[in-house]
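To convert, count from 1 in the first sequence and add 46; that's this note's numbering.
Glycine is no exception: its CB is placed at the ideal position from the N, C-alpha and C atoms.
Since the model is a prediction, treat every value here as computed from it, not as a measurement.
What follows is a set of notes on a single structure, which appears directly below.
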Amino acid sequence: MARRSPNFFLRKHRKWPLISSHKTKWRQAFTQNQPMVSFKQLVAQHNPLQPDFVPSLLQSLSLYNLYQSPQAYHFLIKTLLHNRQFHHIPSLLHHLQLQHFQTPEYIFTHLVKFYGNANRIQDAVDIFYRIPQFRCFPSAYSLNALLALLCRSQRGLKLLPQVLLNSLHMNIRLEESTFRLLVCTLCRMNKVAYAIEILQRMLDDGLGVNDKVFSFVLSSVCAEGDLDGEDVIGFWRGLRKLGFSPAMGDYDGVVRFLVKKGRGLDAWDVLNQMKSDGIKPGIISYTMVLNGVTAEGDYILADELFDELLMLGLVPNVYTYKAYIDALCKQNKVEEGIKMVACMEELGCKPNVLIYNTLLRAISKAGEISRARELVKEMKYKGIEMNWVSYTIIIDGLVSNGEILEACALVEEVLHKCIFIKSLTFDEVICGLCQRGLVCKALELLGKMVERSISPGARVWEALLLSSESRPKFHLVNPL
DNA sequence: CTAGGGTTAG
Numbered sequence: 047m048a049r050r051s052p053n054f055f056l057r058k059h060r061k062w063p064l065i066s067s068h069k070t071k072w073r074q075a076f077t078q079n080q081p082m083v084s085f086k087q088l089v090a091q092h093n094p095l096q097p098d099f100v101p102s103l104l105q106s107l108s109l110y111n112l113y114q115s116p117q118a119y120h121f122l123i124k125t126l127l128h129n130r131q132f133h134h135i136p137s138l139l140h141h142l143q144l145q146h147f148q149t150p151e152y153i154f155t156h157l158v159k160f161y162g163n164a165n166r167i168q169d170a171v172d173i174f175y176r177i178p179q180f181r182c183f184p185s186a187y188s189l190n191a192l193l194a195l196l197c198r199s200q201r202g203l204k205l206l207p208q209v210l211l212n213s214l215h216m217n218i219r220l221e222e223s224t225f226r227l228l229v230c231t232l233c234r235m236n237k238v239a240y241a242i243e244i245l246q247r248m249l250d251d252g253l254g255v256n257d258k259v260f261s262f263v264l265s266s267v268c269a270e271g272d273l274d275g276e277d278v279i280g281f282w283r284g285l286r287k288l289g290f291s292p293a294m295g296d297y298d299g300v301v302r303f304l305v306k307k308g309r310g311l312d313a314w315d316v317l318n319q320m321k322s323d324g325i326k327p328g329i330i331s332y333t334m335v336l337n338g339v340t341a342e343g344d345y346i347l348a349d350e351l352f353d354e355l356l357m358l359g360l361v362p363n364v365y366t367y368k369a370y371i372d373a374l375c376k377q378n379k380v381e382e383g384i385k386m387v388a389c390m391e392e393l394g395c396k397p398n399v400l401i402y403n404t405l406l407r408a409i410s411k412a413g414e415i416s417r418a419r420e421l422v423k424e425m426k427y428k429g430i431e432m433n434w435v436s437y438t439i440i441i442d443g444l445v446s447n448g449e450i451l452e453a454c455a456l457v458e459e460v461l462h463k464c465i466f467i468k469s470l471t472f473d474e475v476i477c478g479l480c481q482r483g484l485v486c487k488a489l490e491l492l493g494k495m496v497e498r499s500i501s502p503g504a505r506v507w508e509a510l511l512l513s514s515e516s517r518p519k520f521h522l523v524n525p526l
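Next comes the structure, spelled out in structure tokens:
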């Protein structure tokens, strides 16, 4: 949806009017910098370990007549911070406090951030409260710096309410950036309801909450793995009531979350909202919902959705076909699924191994071994490599249909190709061989298995012992 | 007008 005005981007990229020539600015900076440069050189000669360190720094300030220069103080503070001379800071600040110029706020934001990184939370809070004593009006800049560090630790979070309350007394106007910080912290702490409350406050205070903030909050909520589906649906409804106009990515984010949580029908609901909001869902939206409703067993709906996406002129991709074929197979419509493969090829979409595995699974379940063989041939013909899932499905199918030698041949193929399959599949084949009295073959396979450090399960030993009892010439030693 | 976004099973 084109919610942005056409000049949105123009504004962003428009060049600033060249009112002040930066030549003048540069010259000013240069003339100011002359004493600063000498001052900095002098400071570098001071030893921070001397007891008169700070007095001598102050002396150099007066030497270069830099008492009135915030930059000089900022430099001194930075020097102390970088040398981790925290104990010298209070006396320097005391001196700064006695000056008459307005102290720029960035000195305090810097201090707050540095204290935060040194894990001196209380120092950071203290200096923040003292800002007005330096003839400086704190704004959202220093507040955000402090809040950001408070939000980082459990200890900091405890101080947060008090800081917020005091910042109101300090006449700091809370801005969108501040709220965003708080809302995101709350989301991280799974306090979704509080996050909505804050968003509500923002709107009540006449702050425009832009959709980007909503969107950001929503995506952090959806990224929260252990949140309940119910919570997210509630949150989503809450946001919409607050006037959020989601973009396609927002709908898709919620859909993805709901599908992951096994709530395909709720995801379908969101898809419908999307349509009624005038946003055309993309192929990915449909594919996710298709997977979701299939997982919930609503195959009729799955059929409808597939028709619908075609009617909308969306082009299904291999993921979409996979989802649809899955739905067909779950309804035991394997032949229709196979027809779909021809269909997709006609439309220029190549089937992959996942598509064939879906079909093979359904066919094996139905016990149609010869049909499975045909599909394997088809795969080979089309150059689609079988992976471990394909082999597992086929081997299982062969074993349960009594085609034990063919299964054994496939296991050998797997070993030859160095494809990893689960040891359970080996076990099954070895047991099958034993049951048929093919103990030699079973032992041979067991040997290959052990050779590759794949450990057989207990049932393998049982089956081998059982058959060796009837043929005592085998002397079995458990190599483990 | 459309692409975009970015997914898959034992």
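Count Cβ pairs between the region 473 to 489 and the region 439 to 452 that sit closer than 8 Å; are there 3 or more? Note that the region 473 to 489 touches the region 439 to 452; at least 3 beta-carbon pairs, one per stretch, sit closer than 8 Å.
Complete beta strand (DSSP E) runs within the region 334 to 359 (minimum length 3 residues, chain order): none
Own chain partners of E452 with C-beta closer than 8 Å, once the 5 adjacent residues on each side are dropped: L444
Whose CA, out of L196, R498, Q87, A509, lies closest to the CA of L479? A509
Per DSSP, what kind of secondary structure is L393 in: helix, strand or coil? coil
Among the residues of its own chain, which have a CB less than 7 Å from the CB of K487, if the five just before and after it don't count? C454, L479
How would you write the range of the alpha helix (DSSP H) that A412 sits in, first residue to last? Here A412 belongs to no alpha helix (DSSP H), and DSSP marks it neither H nor E.
In terms of residue numbering, what span does the alpha helix (DSSP H) encompassing K376 cover? 364 to 376
Residue closest to V361, alpha-carbon to alpha-carbon, out of C375, Q377, R407, C389: C389
Which of helix, strand or coil DSSP assigns to Q145: coil
Beta-carbon spacing of L196, L203 below 8 Å: Contact flag set, yes.
CA-to-CA distance, L304 to G310, given in whole angstroms: 6 Å
Distance CB(P184)-CB(I218) smaller than 8 Å: yes
Whole-angstrom distance between G280 and L232, CA atom to CA atom: 16 Å
Leaving aside the five residues before and after M294 along the sequence, list all residues of the same chain whose C-beta is less than 6 Å from its C-beta, in chain order. I325
In whole angstroms, give me the CA-to-CA distance for A194 and E222. 14 Å
Is it buried or exposed, C182, if we count other Cβ atoms within 10 angstroms and call 16 or more buried? buried
Does the distance from the C-beta atom of A131 to that of P94 stay below 8 Å? Note on residue identity: the sequence assigns Gln, not Ala, to residue 131. Against a cut-off of 8 Å, the Cβ pair of P94 and Q131 comes out as a contact.
Tell me where the alpha helix (DSSP H) around Q131 begins and ends. For Q131, there is no enclosing alpha helix (DSSP H), as DSSP marks it with neither H nor E.
Cβ-Cβ distance between A408 and V380 below 8 Å: yes
So what's A488 in DSSP terms, helix, strand or just coil? Here A488 sits in helix by DSSP.
In whole angstroms, give me the CA-to-CA distance for R166 and L210. 19 Å
Taking the Cβ atom as the reference point for each residue, do L255 and L264 lie within a distance shorter than 8 Å? It should be noted that the sequence gives Val, not Leu, for residue 255. No, the Cβ-Cβ distance between V255 and L264 is not below 8 Å.
Using only CA atoms, which one of S106, V364, S108, K368 lies nearest to C395? Considering only alpha carbons, the answer is V364.
Between Y370 and M386, is the Cβ-Cβ spacing less than 8 Å? In contact: Y370 and M386 (Cβ atoms closer than 8 Å).
If A90 sits next to L107, beta carbons under 8 Å apart, how far is it from one beta carbon to the other, in whole angstroms? Not really, about 15 Å apart at Cβ, beyond 8 Å.
Can the beta-carbon of L192 be found closer than 8 Å to that of V158? yes
Any chance you could list the alpha helix (DSSP H) runs of at least 4 consecutive residues sitting entirely within the region 199 to 258, in chain order? 200 to 215, 222 to 234, 238 to 250
Kindly list the residues whose CB is nearer than 8 Å to the CB of R198, restricted to its own chain and excluding five residues on each side of it in sequence; keep chain order. G162
Within the same chain, show all residues whose beta-carbon is closer than 8 Å to that of F99, passing over the 5 residues directly before and after it, in chain order. H92, N93, Q131, H134
Using only the alpha-carbon positions, how far apart do L228 and A241 sit? 8 Å
Endpoints, alpha helix (DSSP H) assigned at I441: 434 to 446
L336 to F352, Cα distance in whole Å? 8 Å
Would you kindly report the start and end of the unbroken alpha helix (DSSP H) that includes Q105? Per DSSP, Q105 belongs to the alpha helix (DSSP H) from 99 to 109.
Evaluate R498 with the Cβ neighbour count: other Cβ atoms within 10 Å of its Cβ, from every protein chain shown; 16 or more gives buried, anything less gives exposed. exposed
Measuring alpha carbon to alpha carbon, tell me which of S291, V339, K411 ends up nearest R302. V339
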